C-alpha cells in the first residue's frame, strides 16, 4: 500500500510542477524575426503571440503579400521555438517520461 501512496504523491508533485511550469512559461518570451529583421514576433513560452513589430520600410501597398508572408514566417518560428522551450521544460519535469500532445491543458 505504501508504494501506491508514494506513486500518488509523486503524481501530485508532478502535477504541481507542471502547473508552476505553465505559469513560468507564460512569463518567458521567445523572439523571432523574418526578412532579415523586417518583421519581429515575440511570443510567450506557451506560444501565444504577444507582440509583432514591422519595420516601416517593408510596408508597401503594392506588395502586401510579401509582408503577410514575413508575418506568417516570424509567427511560425516563434511558435516553433516556444514549443521547443515547452518540450525541454516538460522533459525536466517528467524526467524523460514523454507525455502525449503538445501544449496540453494550457489556458
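Numbering (our numbering), first residue to last: 92 to 198. Each residue gets a CB set at the ideal place from its N, CA and C atoms; glycine is no exception. Note that the coordinates shown come from a computational prediction; the quantities given were computed from them, not determined experimentally.
From which residue to which residue does the alpha helix (DSSP H) around residue 166 run?
Per DSSP, the continuous alpha helix (DSSP H) segment holding residue 166 begins and ends at 155-185.
Helix, strand or coil for residue 140 per DSSP?
In the structure shown, residue 140 adopts extended strand secondary structure according to DSSP, grouped into three states.
Among 177, 94 and 166, whose alpha-carbon lies nearest the alpha-carbon of residue 144?
Residue 144 has its Cα closest to that of 166, out of 177, 94 and 166.
Compute the Euclidean distance between the alpha carbons of residue 141 and residue 93, then round it to the nearest angstrom.
Rounded to whole angstroms, residue 141 to residue 93 spans 46 Å at the Cα level.
Does the contact criterion of 3 or more C-beta pairs under 8 Å hold for the region 94-101 versus the region 115-129?
The way I'd put it, the region 94-101 doesn't touch the region 115-129; fewer than three beta-carbon pairs between them come closer than 8 Å.
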